[in-house]
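Taking it in order: structure first as structure tokens, then the write-up.
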Amino acid sequence: MTTERSTEETVEESNSASEPGPEVGATTDPSSEGTEDAERGGGSGDLPAASSPEGLGTDTALNDLAQRCFDGDMTSCDDLFIESPFGSDYEAYGNTCGQRVSEAEVDGRDCIIIFY
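Following this note's numbering, the numbering of the sequence shown begins with 37 at its first residue and continues without gaps.
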């Protein structure tokens, strides 16, 4: 079976092949992150300070998620919100992205969307 390719696809491939890419092991400049705010949720990548997760409860797994949320892992904040008992301090902490935003600011969005 043969596949026909358009001239446009071939030109696109040759252009992308001639453009230099990042070197293996290179990191991106953090100041360039956050340029696609509208697509990624409006975050700049810089997080506001979180409140300490101490005293939320005694559940080891939820405390671990709360600590990772505090450390800046927004997926952990979202997981904490989802996995916490309804109405608990854990739920409120996860819902507000480690108390980085108010519940009104969350407006049903995940922390990963708000900040990235």
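Virtual Cβ for every residue (Gly too), placed ideally from N, Cα, C.
Note that the coordinates shown come from a computational prediction; the quantities given were computed from them, not determined experimentally.
Secondary structure of threonine 46, DSSP reduced to three states: Below a pLDDT of 50, predicted positions are generally treated as unreliable, and threonine 46, at 42, falls in that range; the measurement from the model is reported next regardless. It is helical.
For leucine 83, three-class secondary structure by DSSP: Three-state DSSP puts leucine 83 in coil, outside helix and strand.
Which of helix, strand or coil DSSP assigns to glutamine 135: coil
Environment of threonine 64 [buried if 16+ CB atoms lie within 10 Å]: At threonine 64 the pLDDT is 41, less than 50, meaning the model places this residue with poor confidence; the figure from the coordinates comes in the next sentence. Exposed, since its Cβ has fewer than 16 Cβ neighbours within 10 Å.
Beta-carbon proximity of phenylalanine 117 to asparagine 131, cut-off 8 Å: yes
Residue interval of the alpha helix (DSSP H) (run including aspartate 114): 110-119
N- and C-terminal bounds of the alpha helix (DSSP H) containing threonine 96: 96-106
Status (buried if at least 16 other CB within 10 Å, exposed otherwise) for glycine 89: It should be pointed out that residue 89 corresponds to proline in this sequence rather than to glycine. Its Cβ being crowded by 16 or more others within 10 Å, proline 89 is buried.
Contacts around glutamine 103, its chain only, beta-carbon distance under 7 Å, and the 5 residues preceding and following it disregarded: Pro89
Residue nearest to leucine 92 in terms of C-alpha spacing, selected from Cys105, Ser138 and Glu139: Among Cys105, Ser138 and Glu139, the Cα nearest to that of leucine 92 belongs to Cys105.
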